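Enquirer:
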Amino acid sequence: MKSRNTRLLKAAFLEPVDRTPVWFMRQIGRYQREYREYRAKYKLLDIFNNAELAAELTLLPFKQTDFDGAVIFADILPPLISMGLDLQFTVGSGPYIDNPITCPADVDRLAAPPAEESMPSTLRAVEIASAELAGRGIPVIGFCGAPFTLASYALEGGGSRNYERVKSFMYSQPAAWQRLMNKLVTVLADFAVKQTQAGAAIVQIFDSWVGLATGEEDYLRFIQPHNKALFDLLQKNSIPSIHFSTGTSGYLDVVAQTGGDVISVDWRVSLSKAWRQIGNGKAIQGNLDPIALMAPWRELQFHIDRVLDSVRGRTGHIFNLGHGILPNTPVDHVRRAVDYVHERTGAGK
């Protein structure tokens, strides 16, 4: 296991830090001119399949901003390709799958190859970025999607507003649903383990759709057992983990019980209230509204202060957004926000 002697990892394990660690979801992205230049030359899948390019983009934010963690440049969906789904990324319309799952037989045809065969470029990118950052005290954050969110893409074929296909399949084909989730847990756990073996210090599990699609009862019946299986495998392999979900403020206690050393919450709930639900034994990550980064400084400062005030005096806070940086966000606002968190929470403040 990689050293836990970094600001971000100390916070993840409720240890004192000299200042609150900060990283942002989508800290590599379209808000950066340099990223847009990369994207004008390369398709997303081409970057994912080129370890050197993916590592370059992983390191790109550090030319602009003093982040405390480097999230690997990847996406949650490419593992579905190796399982047999035809995933494409199109400019303006996002990811889509040409051959989504439509029946139980489609589930049975899915493969579950090991990550070194299905995701070698991402693993190599983790190695490159980890080696580059080793002397700077900046850990690499690996990640993968959670079973439900990947199952949703696999069944919906892309984005969704009402999650009709995935929920209909979940309700009408419970045995096939179980098989699908078991395969996804196998693939995702192996990918997470291999990322840490390649150099990642912590892994974030993205359950981006779960709270938008389901309530607590469905979560308990159809999702929690599989998420728990994934987090149990990470714990068995001594892998620190962050459990990210959106729209789950009504049952954060259940989410926290499911697994993860750090519980990452969106901006729809205050961190003080969220921590009461989660309990004192886990760290918390979040939860600035991404749109606040687009506001004038007086308003952005107010929102940052509100987040920091809600956790004042407690160890175990990682400052982040409630979701990813939006494309029109000014780079200067990102830099100023990170610097302000560091200055306000530094030793002696």
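Throughout, this note's numbering is defined as the position within the sequence shown, counted from one, plus 982.
For glycine and all other residues, C-beta sits at the position ideal for the given N, C-alpha and C.
Owing to the predicted nature of the structure, the values given are computational and were not obtained by experimental measurement.
1) Going by other Cβ atoms of all chains shown within 10 Å of its Cβ, with 16 needed for buried, is K1264 buried or exposed?
2) Taking the CB atoms as reference points, tell me whether P998 and T1297 lie closer together than 9 angstroms.
3) What would DSSP say about Y1078, mapped onto helix, strand or coil?
4) Going by the beta-carbon positions, is the gap between L1132 and L1170 smaller than 9 angstroms?
5) Quick one: grab the DSSP three-state call for D1291.
6) Can you round the beta-carbon distance between F1173 and A1097 to whole angstroms, since I take them to be within the 8 angstroms contact cut?
7) Please confirm whether S1190 and F1226 have their CB atoms less than 9 angstroms apart.
8) The beta strand (DSSP E) that contains N1302, what's its start and end?
9) Hey, which unbroken runs of the beta strand (DSSP E) at 3 residues or more fall wholly within the stretch 1133 to 1199?
10) N1269 and L1303: beta carbons closer than 9 angstroms?
11) Alpha carbon to alpha carbon, how far is N1144 from T1178? Give it in angstroms, no decimals.
12) Suppose contacts are defined by Cβ-Cβ distances below 9 angstroms. Is P1129 in contact with I1184 by that definition?
13) T988 bridges to which residues according to DSSP?
14) Give a yes or no on contact between the stretch 1050 to 1066 and the stretch 1086 to 1104, applying the rule of three or more CB pairs nearer than 8 angstroms.
15) Does the beta-carbon distance from D1406 to D1090 come in below 9 angstroms?
16) Strictly by DSSP, which residues pair up with H1225?
Expert: In short, the structure shows the following:
1) Numbered from 1 along the sequence shown, position 282 holds the residue referred to as residue 1264. Label assigned to K1264: buried.
2) Residue 998 sits at position 16 when you count from the first residue of the sequence shown. Residue 1297 sits at position 315 when you count from the first residue of the sequence shown. Yes, Cβ-Cβ distance for P998 and T1297 is below 9 angstroms.
3) Counting from one through the sequence shown, the residue named residue 1078 turns up at place 96. Note: Y1078 maps to strand in three-state DSSP.
4) Numbered from its first residue, the sequence shown carries residue 1132 at position 150. Numbered from its first residue, the sequence shown carries residue 1170 at position 188. Yes, they are a contact pair.
5) Here residue 1291 refers to the residue found at position 309 when the sequence shown is read from its first residue. Note: D1291 maps to helix in three-state DSSP.
6) Mapped onto the sequence shown, residue 1173 falls at position 191. Mapped onto the sequence shown, residue 1097 falls at position 115. Contact holds; Cβ gap of about 4 angstroms.
7) Along the sequence shown, read from residue 1 onward, the residue named residue 1190 stands at position 208. Along the sequence shown, read from residue 1 onward, the residue named residue 1226 stands at position 244. Taking 9 angstroms as the Cβ cut-off, S1190 and F1226 qualify as a contacting pair.
8) Sequence index remark: in the sequence shown, residue 1302 carries index 320 (1-based). Where N1302 is concerned, the enclosing beta strand (DSSP E) stretches over 1299 to 1303.
9) 1184 to 1189
10) Numbered from 1 along the sequence shown, position 287 holds the residue referred to as residue 1269. Numbered from 1 along the sequence shown, position 321 holds the residue referred to as residue 1303. Contact: yes.
11) To locate residue 1178, count along the sequence shown from 1; it is residue 196. To locate residue 1144, count along the sequence shown from 1; it is residue 162. Rounded to whole angstroms, T1178 to N1144 spans 35 angstroms at the Cα level.
12) Stepping through the sequence shown from its first residue, residue 1129 is reached at position 147. Stepping through the sequence shown from its first residue, residue 1184 is reached at position 202. Against a cut-off of 9 angstroms, the Cβ pair of I1184 and P1129 comes out as no contact.
13) Residue mapping note: residue 988 aligns to position 6 of the sequence shown, counting from 1. BP columns for T988 are empty, so no partner.
14) yes
15) As displayed, the chain neither begins before 983 nor continues past 1331, which places residue 1406 out of reach and without an answer.
16) Position 243 of the sequence shown, counted from the start, is the residue given in the question as residue 1225. DSSP output for H1225 lists I1187, I1245 as bridge partner(s).
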